[in-house]
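Okay, so here's the structure we're looking at.
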């Protein structure tokens, strides 16, 4: 008996009539997989999976979309660095007196 969760059989009904070796059909199946993937977003693993999906989609698009994603990531990192710097300053000021 074949398990229904196997990758090859998962979208068999959606891909009827398409060549399974065709790169466009494979890309469509991957797209369907990304759309139907469910993971808990309130866990670290779920959050990191969302970040991975964001990075993969930015790399797939390329061009100015990729640049926009890189700028967004840099702005997030700058925000984290400012928060860490402010926290360290507060801690050192509190310890100093």
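Numbering (my numbering), first residue to last: -19 to 77.
Even glycine gets a Cβ: it sits at the ideal position worked out from N, Cα and C.
Would you kindly check if the distance between the Cβ of residue 38 and the Cβ of residue 27 is under 8 angstroms?
Here residue 27 refers to the residue found at position 47 when the chain shown is read from its first residue. Here residue 38 refers to the residue found at position 58 when the chain shown is read from its first residue. No, the pair does not count as a contact, with Cβ atoms beyond the cut-off.
Please classify residue 9 as buried or exposed, where buried requires at least 16 neighbouring CB atoms within 10 angstroms.
As a position in the chain shown, residue 9 is number 29, starting the count at 1. The residue is buried, with at least 16 neighbouring Cβ atoms inside 10 Å.
For the alpha helix (DSSP H) containing residue 52, list its first residue and its last residue.
Locating residue 52 in the chain shown gives position 72, where the first residue counts as 1. Residue 52 -> alpha helix (DSSP H) spans 43 to 76.
Near residue 21, what residues of its chain come up, given a Cβ to Cβ distance below 7 angstroms and the 5 sequence neighbours on each side ignored?
For the purposes of this step, residue 21 is identified with residue 41 of the chain shown, where counting begins at 1. The residues are 27, 30.
Whole angstroms are fine: how far does the CA of residue 74 sit from the CA of residue 13?
Working through the chain shown from its first residue, we reach residue 13 at position 33. Working through the chain shown from its first residue, we reach residue 74 at position 94. Going by the C-alpha atoms only, they are around 51 angstroms apart.
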